[in-house]
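A quick write-up on the structure given underneath.
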Amino acid sequence: MNADYFQIHINVRIKNRWVLGDHESSDPEDRRRIYEGEPVRGRITIDPSDYGMALGFSLTAFGLAVAKDEVAEKIKAVADGDVQIVPAHIEGHSGFSIVHCLRTIECVDESRSVFDKYPDDDPYPDRRGGYRGFAKLIVDTNRIPADAHFFHAAGWQIKLIVSKPVRDIVKKVENASVNCESVTKG
Numbered sequence: 566m567n568a569d570y571f572q573i574h575i576n577v578r579i580k581n582r583w584v585l586g587d588h589e590s591s592d593p594e595d596r597r598r599i600y601e602g603e604p605v606r607g608r609i610t611i612d613p614s615d616y617g618m619a620l621g622f623s624l625t626a627f628g629l630a631v632a633k634d635e636v637a638e639k640i641k642a643v644a645d646g647d648v649q650i651v652p653a654h655i656e657g658h659s660g661f662s663i664v665h666c667l668r669t670i671e672c673v674d675e676s677r678s679v680f681d682k683y684p685d686d687d688p689y690p691d692r693r694g695g696y697r698g699f700a701k702l703i704v705d706t707n708r709i710p711a712d713a714h715f716f717h718a719a720g721w722q723i724k725l726i727v728s729k730p731v732r733d734i735v736k737k738v739e740n741a742s743v744n745c746e747s748v749t750k751g
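Just so it is clear: in the sequence shown, position 43 is 608 by the working numbering, and no numbers are missing.
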């Protein structure tokens, strides 16, 4: 498949913006579900660690996408099977949702990416041999299904990857706090 995909980053250059910190759920299993890409069941509360201007689309400190409800619905219309829209409970703000990523794809092009992996003797066994960081992430579009629009790269669930149609939705959002970097151009 010959499509464009983009990694979403927080845009820290927007001044006086809110900074969304950690999240809590009424269901203790939801933290695990979020990081494993499973549907959540509880009420999710997000803690603003800085109470600046509310943004139409942003990421929490832990990589959850938060959007105005109407933006979340536009993303869902394109990426329905990839996302779960969950009401976001943010102190002092209403009308926001978490756009929760449900899809992970084995798609890292290691021959064109620049990355570091954890050593085989890392003290945490679950990290051994896994990605530690990327200076440049490139995906192999031949390994990405045509219906994929909002996903994580397997082994690197820290960052969201979106298709061009989703990127275009995000770019049109007033007060969006993200940058979209191509992960298909080597």
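We treat Cβ as the ideally placed atom computed from N, Cα and C, and that holds for glycine. Small disclaimer: the values here were computed from a predicted structure and weren't measured.
Could you check the C-alpha separation between residue 732 and residue 745 for me, to the nearest Å? 7 Å
Residue ranges of each alpha helix (DSSP H) within the segment 578-604, 4 or longer: 595-601
Mind checking which residues open and close the alpha helix (DSSP H) that includes residue 637? Counting along the chain, the alpha helix (DSSP H) containing residue 637 begins and ends at 634-644.
Alpha helix (DSSP H) containing residue 733: first to last residue? 729-736
DSSP three-state call for residue 625: helix, strand or coil? coil
Throw me the rounded Cβ distance for the residue 699 and residue 678 pair, which I believe falls under 8 Å. Yes, they are in contact, since the Cβ atoms of residue 699 and residue 678 sit about 6 Å apart, within 8 Å.
What does DSSP give as the partner residue(s) for residue 701 in the beta ladder? 679
My output table needs one value for residue 744: the three-state DSSP class, helix, strand or coil. strand
Thinking C-alpha only, which one of 702, 736, 737 and 635 is nearest residue 750? 702
Contact under 8 Å by Cβ, residue 632 with residue 587: no
Rounded to whole angstroms, what's the CA-CA distance from residue 648 to residue 735? Just pull it up for me. Cα to Cα, residue 648 sits roughly 15 Å from residue 735.
Taking all protein chains shown into account, decide if residue 570 is buried (16 or more other Cβ within 10 angstroms of its Cβ) or exposed. Burial check for residue 570: the Cβ neighbour count within 10 Å reaches 16 or more, so the residue is buried.
Pull up the distance between the alpha-carbon of residue 713 and that of residue 660, whole angstroms please. 26 Å
Does residue 674 come out as helix, strand or coil in the three-state DSSP assignment? Residue state, collapsed to three classes: coil.
Just to confirm, is the Cβ distance from residue 576 to residue 617 under 8 Å? No, these two residues do not count as a Cβ contact at 8 Å.
With DSSP as the reference, identify every bridge partner of residue 649, one or two as the case may be. According to DSSP, residue 649 shares a beta bridge with 665.
For residue 595, count the other beta carbons within 10 Å of its own beta carbon; 16 or more makes it buried, fewer makes it exposed. Which is it? buried
Return the Cβ separation of residue 599 and residue 653 in integer angstroms, given the expectation that the two are a contact with Cβ distance under 8 Å. About 12 Å separates the beta carbon of residue 599 from that of residue 653, a gap too long to meet the 8 Å contact definition.
Distance, residue 689 Cα to residue 743 Cα: 32 Å
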